[in-house]
Amino acid sequence: MNERPRAHSAPALILAVLGIVFGDIGTSPLYALKEAFHPDHGIALNTSSVFGVLSLLCWAIVMVVAVKYVWFIMRADNHGEGGPLALMALGLSRIPRQSKAAARMLMLGLFGACMFYGDAAIAPAISVLSAVEGLHIAAPHLSALVLPITLLILTVLFAIQRYGAQTVGALFGPVMLLWFITLAALGLWQIAHAPAILGALNPVHALRFMSSQPRLGVIVLGSVFLALTGAEALYADMGHFGARPIRLAWYAIVMPALVLNYFGQGALLLTQPWALENPFYWLAPDWALFPLILLATSATVIAAQAVISGAFSLTSQAIQLGLMPRMNIIHTSARAIGQIYIPLVNGVLLAAVVCIALGFRHSGRLAAAYGIAVATTMIMTTALACVVMLKVWRWHRGLVALISAVFITVDSAFFGANLLKVAEGGWLPLSLGGALFFLLMTWTQGRARVQARAAAEGIELRPFIEGLLTYPPHRVEGTAVYLMGNDAFVPTSLLHNLKHNKVLHQRTLLMTFVAHDVPYVDAQRRIELEALNHGLFVVRAHYGFNETPDVQAVLHLLETQHRMAFEWMETSFFIARETVTPAQLPGMPVLRARIFAWLHRNAAKPTDFFKIPANRVVELGTKLEI
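In this text, residue positions in the sequence shown follow our numbering: the first is 6, and each later residue adds one.
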């Protein structure tokens with residue numbers, strides 16, 4: 006049974022947080038400041054511009070990460086879980102499901118999740134590319150190997166996902182701790198040579214830079230945003246560790262290290278303008294370049310691993326909430342939740358990441374595509390948080406309007422700045438997210454129509470059972486388990502079995518899985534058993550959106566909690582295999598109906614998804630038109 010992981014001490018938790026949560030934002034010094042001063046922006050490299058950009062970077066980190074996410078958004082947890090879907094589920098728990106508000110909430114959550122996938126496709130490519138590009142400085146004659154080495158690292162990273170991250174995960178925390186110590190040390194070393202750079206802490210420099218060069222300021226704002234691209238991970242990963250360790254790690258280690266390194270890069274540019282080629286790697290002395298490249302590559306691999314694991318977790322949540330077709334989910338650890346592997350997601354992400362790396366070939370070109378995905382997700386998160394403030398926390402509308410106005414103003418500024426990069430590469434995550442949003446909305450609406458059609462054509466369970474037991478069919482030995490989607494209606498598989506085989510097992514379980522808008526359901530409340538007399542039972546198995554249904558685990562709970570004994574070789578499982586066919590009927594457009602039918606046809610088999618022994622399954626077909 007799934008249980009939350011627990012750490013034994015605060016230092017151990019903080020070390021784990023460094024390894025899992027902060028990889029993405031922690032590697033942003035590799036490219037953020039360099040992109041802000043990209044030659045194409047036309048910004049003169051002088052004291053005023055360096056102070057202005059650094060001030061923008063510093064206060065963006067403070068406002069968006071430290072204030073918005075770490076201090077505020079992380080309070081909007083769904084029983085300890087964060088992320089766009091968990092936040093959406095929290096808001097939906099207080100809104101009538103058939104209302105227009107619920108539909109809008111669903112679309113916001115889905116679109117935010119879809120843009121996260123755009124981020125997950127780009128983040129590994131830009132992170133690893135930016136780290137390996139240190140070879141341009143350390144060994145210029147090896148520059149031609151940057152792309153092949155990047156592709157090799159990415160391919161190996163995705164190839165080992167099937168084995169789980171538990172083994173290498175123990176190394177993540179110490180490596181990232183060393184990384185943040187190195188960031189701070191390199192920054193301090195350069196600040197010591199030009200301590201006047203600390204004057205950029207004054208926000209007046211940011212305001213002066215934006216007001217004196219508004220057009221350039223907006224362009225630079227899109228590059229400054231690259232320093233914030235891991236902020237969503239702080240919220241999405243809070244379910245693994247809780248808010249307190251993430252806050253402690255951020256304020257005590259990560260934020261100081263990032264700010265010191267950015268200011269160190271700024272100090273370097275003041276004294277050595279030629280270092281603009283790659284200010285991060287020029288922070289280090291010559292003898293430390295190769296060790297720094299190795300450390301940076303390790304940190305970017307960890308950052309990529311965190312994004313990939315996040316994509317797996319988000320997919321699992323979406324499946325449990327009925328927002329995606331079933332997929333084969335493999336648990337790679339018996340002890341840690343979140344340690345899952347989804348082959349289809351892994352393969353699609355690998356193909357996308359490799360194509361992106363080959364297409365853009367350089368982290369600078371890829372930077373234009375990166376920010377828009379995260380900026381869009383941030384706006385969706387703010388909108389969802391507004392609903393939670395109003396509907397769940399019951400805050401005063403005036404206070405909600407004030408807080409929302411501040412956050413949306415900041416988010417919109419970054420979103421607008423990133424929109425300027427659509428032609429340069431921002432089209433990529435928007436296209437990926439838009440296509441995925443279309444597919445998921447098609448699935449969600451198609452699934453709702455299938456359920457409505459099944460309910461309209463269904464037979465009510467209680468009256469049917471009463472009539473069946475009045476004139477019972479032939480009873481046979483053993484146990485039959487019928488899976489059903491709605492416990493108000495007779496499962497189609499039971500109807501077909503009675504029609505064709507004309508028998509009823511001595512013990513018949515009608516089992517349904519109930520998904521809840523909470524991440525976990527306590528094991529003691531997992532099973533709800535209702536006796537219908539004469540050996541017939543309705544079994545309701547309750548699961549949260551962070552858990553995977555398991556028929557065998559449910560039967561084991563029935564044995565321990567309700568003293569039911571099962572002979573596995575005498576237990577049969579009956580499943581209705583639905584075939585959805587598009588029809589020229591009022592409802593979905595035919596094209597979308599065909600797409601839904603294709604998604605439905607290619608969903609994971611119920612035997613795999615629900616962990617049913619394949620040699621004990623009887624599938625009975627049924628046909629539905631939409």
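Where is the CB? At the ideal position from N, CA and C, for every residue including glycine. It should be emphasised that the depicted structure is a prediction, and the values quoted were computed from it without experimental measurement.
Pick from the options that is closest to residue i, judged by C-alpha positions
i: residue 550; options: 42, 56, 87, 38; result: 87
i: residue 388; options: 126, 355, 115, 137; result: 115
i: residue 599; options: 439, 606, 587; result: 587
i: residue 349; options: 360, 365, 329, 367; result: 329
i: residue 461; options: 191, 97, 434, 491; result: 491
i: residue 253; options: 27, 611, 509; result: 27
i: residue 356; options: 163, 22, 63, 488; result: 163
i: residue 396; options: 52, 84, 48, 107; result: 107
i: residue 585; options: 530, 455, 567, 612; result: 455
i: residue 206; options: 57, 154, 19; result: 57
i: residue 93; options: 109, 147, 104; result: 109
i: residue 3; options: 543, 621, 481, 38; result: In the structure displayed, the chain extends from 6 to 631; residue 3 sits before or after that span and is not available.
i: residue 324; options: 214, 499, 201, 553; result: 553
i: residue 301; options: 365, 548, 391, 133; result: 133
i: residue 287; options: 83, 35, 425; result: 35
i: residue 60; options: 292, 606, 209; result: 209
i: residue 213; options: 565, 393, 55, 426; result: 55
i: residue 201; options: 125, 52, 426, 506; result: 52
i: residue 73; options: 199, 413, 247, 99; result: 413
i: residue 266; options: 423, 459, 63; result: 63
8 Å Cβ cutoff met for residue i and residue j
i: residue 150; j: residue 140; result: yes
i: residue 41; j: residue 228; result: yes
i: residue 223; j: residue 46; result: no
i: residue 81; j: residue 95; result: yes
i: residue 268; j: residue 203; result: yes
i: residue 483; j: residue 450; result: no
i: residue 601; j: residue 382; result: no
i: residue 464; j: residue 537; result: no
i: residue 466; j: residue 508; result: no
i: residue 242; j: residue 66; result: no
i: residue 231; j: residue 372; result: yes
i: residue 166; j: residue 313; result: yes
i: residue 127; j: residue 594; result: no
i: residue 497; j: residue 609; result: no
i: residue 532; j: residue 503; result: no
i: residue 326; j: residue 90; result: yes
i: residue 437; j: residue 235; result: no
i: residue 97; j: residue 258; result: no
i: residue 579; j: residue 487; result: yes
i: residue 567; j: residue 548; result: no
i: residue 557; j: residue 616; result: yes
i: residue 358; j: residue 159; result: yes
i: residue 544; j: residue 515; result: yes
i: residue 337; j: residue 476; result: no
i: residue 245; j: residue 525; result: no
i: residue 485; j: residue 517; result: no
i: residue 417; j: residue 131; result: no
Rounded distance between the beta-carbons of residue j and residue i, thought under 8 Å
i: residue 519; j: residue 546; result: 7 Å
i: residue 17; j: residue 180; result: The pair is not a contact, with the Cβ atoms about 15 Å apart (cut-off 8 Å).
i: residue 652; j: residue 239; result: Because residue 652 is not part of the residues shown, which for the chain are 6 to 631, the question remains open.
i: residue 191; j: residue 289; result: 6 Å
i: residue 474; j: residue 401; result: Wrong, their Cβ atoms sit about 57 Å apart, outside the cutoff.
i: residue 415; j: residue 68; result: 6 Å
i: residue 666; j: residue 75; result: Because the chain is modelled from 6 through 631, residue 666 falls outside the range shown and cannot be assessed.
i: residue 152; j: residue 362; result: 7 Å
i: residue 237; j: residue 420; result: Contact doesn't hold; Cβ gap of about 14 Å is too wide.
CB contact check: residue i to chain C, cutoff 8 Å
i: residue 578; result: The structure shown contains no chain C; it is built from a single protein chain.
Check: residue i C-beta below 7 Å from any heavy atom of the ligand HEM
i: residue 469; result: Ligands in the displayed structure: none, and consequently the ligand HEM is not present.
inquiry  = Pairs of beta-carbons, one from the stretch 316-335 and one from the stretch 265-282, closer than 8 Å: are there three or more?
reply    = no
ask   = On the three-pair Cβ rule with 8 Å, is the stretch 25-32 touching the stretch 300-310?
value = yes
key: the stretch 296-304 / the stretch 568-576 touching (three or more Cβ pairs under 8 Å)   = no
task = Give, in chain order, every unbroken run of the alpha helix (DSSP H) that is at least 4 residues long and sits entirely within the stretch 291-370.
result = 294-325, 348-365
query = Are at least three pairs of beta-carbons, each pair with one atom in the stretch 258-268 and one in the stretch 174-189, less than 8 Å apart?
reply = yes
inquiry  = Which complete alpha helix (DSSP H) runs does the stretch 54-127 hold, if anything under 4 residues is left out?
reply    = 89-97
task = Go through the stretch 504-563 residue by residue and report every complete run of the beta strand (DSSP E) that reaches 3 residues or more, in order.
result = 508-520, 532-538, 541-548
key: Length-filtered (3 minimum) beta strand (DSSP E) runs lying within the stretch 477-506   = 479-488
Given 8 Å, three or more beta-carbon pairs between the stretch 425-436 and the stretch 374-385 = yes
ask   = Can at least three beta-carbon pairs, one atom from the stretch 348-362 and one from the stretch 405-417, be found at a separation below 8 Å?
value = no
ask   = Between the stretch 270-277 and the stretch 186-195, do three or more beta carbon pairs fall short of 8 Å?
value = yes
query = Can you list the beta strand (DSSP E) stretches of 3 or more residues lying completely in the stretch 415-490, in chain order?
reply = 479-488
Segments of 4+ residues assigned as alpha helix (DSSP H) that fall wholly inside the stretch 127-193 = 140-143, 151-164
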